[in-house]
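Residue numbers (my numbering): 1 to 212.
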Amino acid sequence: MDKIKVIIADDSDFVRDGMRIILSVDEEFEVIGCASNGREAIEIAKDNAPDIFLMDIQMPEMDGIEATKYIVENNLGKVLILTTFDDDELVQKALSNGAKGYLIKNHTPEHLKQMIKSVYNGTGVMEENILESLTKNSEIKSASFNEDGYTAREMDIIKAVADGLSNKEIANKLFISEGTVKNYITSILAKENLSHRTALAVYYLTGKKQGE
């Protein structure tokens with residue numbers, strides 16, 4: 001099995017070293033470089049073809065938001081944003097620039113590794129408290145998300161995804177199979193031209209799609 005190649009970008013030596021140690025002792029991961037800002041991460045990526053960037057948001061010279069935009073536009077890898085800042089505006093900017101996930105830096109080592117694997121395997125990830133924060137903005141949601149063209153069951157699926165439920169939890173809630181849930185989500189993502197369920201949740205909650 002190929003190792004997941006990771007670049008860590010954070011202006012804190014402590015954070016970089018901590019994540020490097022956590023990942024380096026696991027045979028499923030290979031840390032191919034560490035950077036103190038987004039520009040350094042991009043330079044490392046040009047020579048090393050990473051799978052995943054662990055990207056801090058607030059860094060000197062080039063921050064994580066700007067770096068994510070460049071990385072996605074140039075197909076350098078997938079970005080998992082890491083930050084200590086629980087800020088709705090930064091969440092939306094990171095996702096609109098193409099980040100595949102967003103995590104607050106209070107994760108356990110196992111949680112961090114699982115989130116990296118999820119992004120690597122094509123699943124967007126986001127901390128539950130951030131989704132809850134976005135959910136509170138119901139005025140934007142009701143004004144911006146267009147429900148035309150969706151069946152009642154499709155809207156049930158969309159709302160459940162926005163609530164942060166897994167496929168299994170949605171299946172149990174709606175009394176359908178996990179396979180049916182997966183088919184619904186795949187169809188909805190294709191209809192909205194979205195790449196993963198996190199982007200769908202943010203679109204439903206804020207009316208914003210990636211790239212807008």
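Here a beta-carbon is modelled for each residue, glycine too, at the ideal position from N, C-alpha and C.
- For Y70, three-class secondary structure by DSSP: In the three-state reduction of the DSSP assignment, Y70 falls in the helix class, which pools H, G and I.
- Query: Ordered along the chain, which non-local residues of its own chain (more than five positions away) have a Cβ less than 8 Å from that of I65?
  - Reply: The beta carbon of I65 lies closer than 8 Å to those of I57, L90, K93, A94, N97 in the same chain, with the five residues before and after it left out.
- Query: In the structure shown, what three-state DSSP assignment does D51 receive?
  - Reply: D51: coil per DSSP, three-state reduction.
- Whole-angstrom Cβ separation of H196 and K69, contact assumed at under 8 Å? The Cβ separation is near 17 Å, so there is no contact.
- The beta strand (DSSP E) enclosing A9, as first and last residue numbers: For A9, the enclosing beta strand (DSSP E) stretches over residues 4-9.
- Query: Does DSSP classify Y102 as helix, strand or coil?
  - Reply: Of the three classes helix, strand and coil, the one that applies to Y102 here is strand, per DSSP.
- Query: Based on the DSSP output, what are the partners of A35 in its beta bridges?
  - Reply: DSSP output for A35 lists A9 as bridge partner(s).
- Can you tell me whether DSSP reads A182 as helix, strand or coil? The sequence given here has Lys at residue 182, not Ala. The answer is helix: DSSP assigns K182 an H, G or I state.
- Contacts around D63, its chain only, beta-carbon distance under 7 Å, and the 5 residues preceding and following it disregarded: Taken in chain order, the residues that qualify are G38, I57.
- With T123 as the anchor, note down where its beta strand (DSSP E) starts and where it stops. In the DSSP annotation of this structure, T123 is not part of any beta strand (DSSP E), being labelled neither H nor E.
- Best match in F175, A201, T180, A35 for proximity to D163 [C-alpha to C-alpha]: The shortest C-alpha separation from D163 is found at A201.
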